[in-house]
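full-length UniProt numbering applies: residue 1 is where the sequence shown begins, and numbers increase by one. Even glycine gets a Cβ: it sits at the ideal position worked out from N, Cα and C. In this text the structure is predicted, and so the values were computed from the model without any measurement. Okay, structure first, notes after.
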Amino acid sequence: MTAEIKLRELMFYKGFDTIEKLHRKSGLSRKAISSILSGNKTGLRLETIIKLCSALDCKVEELIVIEKEKIKA
Numbered sequence: 001m002t003a004e005i006k007l008r009e010l011m012f013y014k015g016f017d018t019i020e021k022l023h024r025k026s027g028l029s030r031k032a033i034s035s036i037l038s039g040n041k042t043g044l045r046l047e048t049i050i051k052l053c054s055a056l057d058c059k060v061e062e063l064i065v066i067e068k069e070k071i072k073a
């Protein structure tokens, strides 16, 4: 299975055009947000997910998309 964090897309859709705006709304550090956006974060704490979803007014499944890999026959 693979997981993709859709933070960049949600920021755009919800009108957060800068990391600074999301930082102020979520309380997360600019560095943490930048790491997520750059793909350098391989795991997110539940607290971080809650803060992002709250700031972006979204559901977890909108932020994190999990896809099952297709089984090759």
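Given residue i as reference, the closest of the options once Cα atoms are compared
{"i": "Ala55", "options": "Lys41, Ser38, Ser26, Leu37", "result": "Ser26"}
{"i": "Glu20", "options": "Leu46, Ser34, Glu4", "result": "Ser34"}
{"i": "Leu52", "options": "Tyr13, Gly39, His23, Phe12", "result": "His23"}
According to DSSP, residues forming a beta bridge with residue i
{"i": "Ala3", "result": "Ile66"}
Cut-off 7 Å between Cβ atoms - residues of its own chain near residue i, not counting five sequence neighbours on either side
{"i": "Thr1", "result": "Note on identity: in this sequence residue 1 is Met, with Thr being the wrong assignment. Within the same chain, Met1 has close Cβ partners Ile66, Glu67, Lys68, Glu69."}
Sub-9 Å separation of residue i and residue j beta-carbons
{"i": "Lys6", "j": "Ile64", "result": "yes"}
{"i": "Glu47", "j": "Leu10", "result": "no"}
Contacting residues, own chain, Cβ-Cβ under 6 Å from residue i (five flanking each side not counted)
{"i": "Glu4", "result": "Val65"}
Spatial neighbours of residue i in its chain, beta-carbon cut-off 8 Å, leaving aside the 5 residues before and after
{"i": "Lys14", "result": "Leu56, Asp57, Cys58"}
{"i": "Ser29", "result": "His23"}
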